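Engineer:
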Ligand code: CMC
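Numbering (UniProt numbering), first residue to last: 37 to 427.
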């Protein structure tokens, strides 16, 4: 004690020991519980990956079935929650709505707050894995003016999410494997990323024993910012802006490099990756495939590729080791799937949910102390109080 090490933004401070996600920023390696992101995105589905992240092992068939059955049992949200959703204006940003609804879940599920045993934790986790997709679907349906509905428990986890989101009234819902596979892949690629801003938030809120739902709701708020998960929405808005401005990518490259201009190339750069973001590589390839399979032609995909090419050859970006990150191409896929731009960060939250849960669970099982950083005080030392007339 006595000497405080100052590290704004915690660029070099480890906040915990963790056995969940391995990230090597120099080599561009990302592994969940030891399995490479490339292999998981190719061979696993999202629920399997969620199980892996949260409980540490790939599930056997029966473990996965039990987990899924437990989730199905809880896949309802109290009808009263609809009133809360109703009271939001349709123009409300879906991330604000989602974090509020997640907080509101606490009031309807009080037993999920004080979890002391691993069993209590399991119940809270299952509830959240079950109810969160309903909230996500409702958030989208509210935005699109569609009636609120529940899922179909004969379907797979992601298939059910797609149906809850996209089903139109009076119209039979047809499963589309391209959509399901694309969603599975995107959700897996977003599922965890060690101690990023929202995950650190979940851990620090959870460290006061605030409960899982409150911790996750705080994580959603942290994710919303454009420097973090909000970047996926910001990327599409930037690409649309460039398109509307005649597609002059060079002009925007110059703006991004101009230190007097606050503009940044959204979807570029990362705190840890200094070589490339392995998720971006997979997502770029998937964007080409999904748009091709769905027969979607999106002119902003060409603008994105043009920007990437220019940036990778530009000294400013090379010197600072700035590469496209996970958010650079993801929005183009979400858009091709018919998801509105303001919902992109909600999709990120849906994907990150198992990672947040896994990190929260690990922290609680390890009995970590309350998160409480120190500071270096630089204000006035001591001053006599002045009466209001004399100030
Ligand atoms: N465009 C232009 N310049 C940039 C960019 C960018 N996107 N990113 C970083 N720089 C410059 C920055 O100005 C600084 O230059 P200098 O050394 O001359 O002052 C240098 O690169 C280092 O940047 P930094 O801001 O100190 O780096 P950081 O680790 O604090 O920030 C970041 C990382 C991701 C917040 C930042 O790169 C950024 O704002 N990127 C755009 C937003 C974005 O895409 N966020 C998503 C991140 S990945 C997924 C997620 O977290 O959700």
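Ideal Cβ positions, reconstructed from N, Cα and C, are used throughout, including at glycine.
If you're wondering where the values come from, they're calculated on a predicted model, not measured in any experiment.
1. DSSP has residue 175 in a bridge; who is on the other side?
2. Ignoring anything shorter than 4 residues or poking outside the segment 243-302, list the alpha helix (DSSP H) runs there in chain order.
3. Just to confirm, are residue 165 and residue 144 a CB contact at a threshold of 9 Å?
4. Entirely within the segment 68-124 and at least 3 residues each: give me those beta strand (DSSP E) ranges in chain order.
5. What I want to know is whether the C-beta of residue 239 ends up closer than 8 Å to one or more non-hydrogen atoms of the ligand CMC.
6. If the criterion is Cβ atoms closer than 9 Å, does the pair residue 421 and residue 360 meet it?
7. Are the Cβ atoms of residue 295 and residue 364 separated by less than 9 Å?
8. Which residue from 199, 347, 290 and 51 puts its Cα closest to that of residue 305?
9. Give a yes or no on contact between the segment 341-358 and the segment 396-406, applying the rule of three or more CB pairs nearer than 8 Å.
10. Taking 8 Å as the line, does the beta carbon of residue 332 fall inside it for any heavy atom of the ligand CMC?
11. State the DSSP-derived secondary structure class of residue 189, mapped to helix, strand or coil.
12. Any heavy atom of the ligand CMC inside 8 Å of the beta-carbon of residue 220?
13. Near residue 147, what residues of its chain come up, given a Cβ to Cβ distance below 6 Å and the 5 sequence neighbours on each side ignored?
14. Rounded to whole angstroms, what is the Cα-Cα separation between residue 167 and residue 186?
15. Can you say whether residue 402 is buried or exposed, counting buried as having 16 or more other CB atoms within 10 angstroms of its CB?
16. The ligand CMC heavy atoms versus the CB of residue 249: any closer than 8 Å?
17. Pairs of beta-carbons, one from the segment 117-131 and one from the segment 209-227, closer than 8 Å: are there three or more?
18. Give the DSSP bridge partners of residue 57, in chain order.
19. Check whether the Cβ of residue 361 sits closer than 8 Å to any heavy atom of the ligand CMC, and report yes or no.
20. If I measure Cβ to Cβ from residue 173 and keep anything under 6 Å in the same chain, skipping five residues before and after, which residues do I get?
21. Which one or two residues does DSSP pair with residue 304 in a beta bridge?
22. Rounded to whole angstroms, what's the CA-CA distance from residue 98 to residue 77? Just pull it up for me.
23. The alpha helix (DSSP H) with residue 136 in it runs from where to where?
24. State buried or exposed for residue 170, treating a residue as buried only when at least 16 other CB atoms are found within 10 Å of its CB.
25. Alpha carbon to alpha carbon, what distance is there between residue 354 and residue 284?
26. Restricting to Cα atoms, I'd like to know which of 104, 132, 269 and 334 is closest to residue 302.
27. Using only CA atoms, which one of 405, 225, 290 and 278 lies nearest to residue 386?
28. For the candidate residues 108, 332 and 114, whose alpha-carbon lies nearest to that of residue 373?
29. Give the range of the alpha helix (DSSP H) segment to which residue 223 is assigned.
30. Our contact map puts residue 81 next to residue 194 with C-beta atoms below 8 Å; I'd like the distance itself, whole angstroms only.
31. If we ignore side chains and look at the alpha-carbon of each, how far apart do residue 292 and residue 351 end up?
32. So, for residue 337: in the same chain, excluding its five sequence neighbours on each side, which residues have a beta-carbon less than 6 Å away from its beta-carbon?
Structural biologist: In short:
1. Reading the chain shown from its first residue, position 139 is the one you call residue 175. As DSSP reads the structure, residue 175 sits in no beta bridge.
2. Unbroken alpha helix (DSSP H) stretches of 4 residues or longer found wholly inside the segment 243-302: 248-260, 267-280 and 285-293, given in chain order.
3. Reading the chain shown from its first residue, position 129 is the one you call residue 165. Reading the chain shown from its first residue, position 108 is the one you call residue 144. The Cβ atoms of residue 165 and residue 144 do not sit closer than 9 Å to each other.
4. You should have found no qualifying run.
5. Position 203 of the chain shown holds residue 239. For the ligand CMC, not one heavy atom lies less than 8 Å from the Cβ of residue 239.
6. On the chain shown, residue 421 is found 385 positions in, with the first residue counted as 1. On the chain shown, residue 360 is found 324 positions in, with the first residue counted as 1. No, the Cβ-Cβ distance between residue 421 and residue 360 is not below 9 Å.
7. Sequence index remark: in the chain shown, residue 295 carries index 259 (1-based). Sequence index remark: in the chain shown, residue 364 carries index 328 (1-based). Not in contact: residue 295 and residue 364 (Cβ atoms no closer than 9 Å).
8. Counting from one through the chain shown, the residue named residue 305 turns up at place 269. Answer by Cα proximity: 347.
9. The answer is no - the segment 396-406 does not touch the segment 341-358, with fewer than three Cβ pairs under 8 Å.
10. On the chain shown, position 296 is the one that residue 332 refers to. Between the ligand CMC and residue 332, a heavy atom-to-CB distance of less than 8 Å is absent.
11. Against the chain shown, residue 189 aligns to sequence position 153. Coil, per DSSP.
12. Reading the chain shown from its first residue, position 184 is the one you call residue 220. The nearest non-hydrogen atom of the ligand CMC is 8 Å or more from the C-beta of residue 220.
13. On the chain shown, residue 147 is found 111 positions in, with the first residue counted as 1. Closer than 6 Å at the Cβ level, and outside the excluded window around residue 147, lies no residue.
14. Locating residue 167 in the chain shown gives position 131, where the first residue counts as 1. Locating residue 186 in the chain shown gives position 150, where the first residue counts as 1. So the two alpha carbons sit approximately 10 Å from each other.
15. Reading the chain shown from its first residue, position 366 is the one you call residue 402. Result: exposed.
16. The residue you call residue 249 lines up with position 213 of the chain shown. For residue 249, the shortest C-beta to heavy atom distance toward the ligand CMC is 8 Å or greater.
17. Three or more Cβ pairs closer than 8 Å define a contact, and the segment 117-131 falls short of that threshold against the segment 209-227.
18. Start at 1 with the first residue of the chain shown, and residue 57 comes out as number 21. DSSP output for residue 57 lists 68 as bridge partner(s).
19. Within the chain shown, the letter at position 325 stands for residue 361. Judged by the Cβ position, residue 361 qualifies as a neighbour of the ligand CMC at the 8 Å threshold, a heavy atom of the ligand being closer than this.
20. Along the chain shown, read from residue 1 onward, the residue named residue 173 stands at position 137. Hits under 6 Å: 200 and 201.
21. If you number the chain shown from 1, residue 304 lands on position 268. According to DSSP, residue 304 bridges with 360.
22. What you label residue 98 is simply residue 62 of the chain shown in a count that begins at 1. What you label residue 77 is simply residue 41 of the chain shown in a count that begins at 1. C-alpha separation (whole angstroms): 22 Å.
23. Residue mapping note: residue 136 aligns to position 100 of the chain shown, counting from 1. Residue 136 -> alpha helix (DSSP H) spans 130-144.
24. In the chain shown, the residue the question calls residue 170 occupies position 134. It counts as buried.
25. The residue labelled residue 284 in the question sits at position 248 within the chain shown. The residue labelled residue 354 in the question sits at position 318 within the chain shown. Whole-angstrom Cα-Cα distance: 21 Å.
26. If you number the chain shown from 1, residue 302 lands on position 266. If we check each option's Cα against that of residue 302, 269 comes out closest.
27. Here residue 386 corresponds to residue number 350 of the chain shown, with the count starting at 1. If you compare the alpha carbons of 405, 225, 290 and 278 with that of residue 386, the shortest gap goes to 225.
28. The count along the chain shown starts at 1 and reaches residue 373 at position 337. The residue with the shortest Cα to Cα distance from residue 373 is 332.
29. Here residue 223 is taken as the residue at index 187 of the chain shown, counted from 1. Unbroken alpha helix (DSSP H) run through residue 223: 213-226.
30. By 1-based counting over the chain shown, the position of residue 81 is 45. By 1-based counting over the chain shown, the position of residue 194 is 158. Going by Cβ atoms, the distance from residue 81 to residue 194 rounds to 7 Å, so yes, they are a contact pair.
31. Stepping through the chain shown from its first residue, residue 292 is reached at position 256. Stepping through the chain shown from its first residue, residue 351 is reached at position 315. Answer to the nearest angstrom: the Cα atoms are 13 Å apart.
32. For the purposes of this step, residue 337 is taken as the residue at position 301 of the chain shown. When the five nearest sequence neighbours on each side are left out, the beta carbons in the same chain lying within less than 6 Å of the beta carbon of residue 337 are those of 368, in order along the chain.
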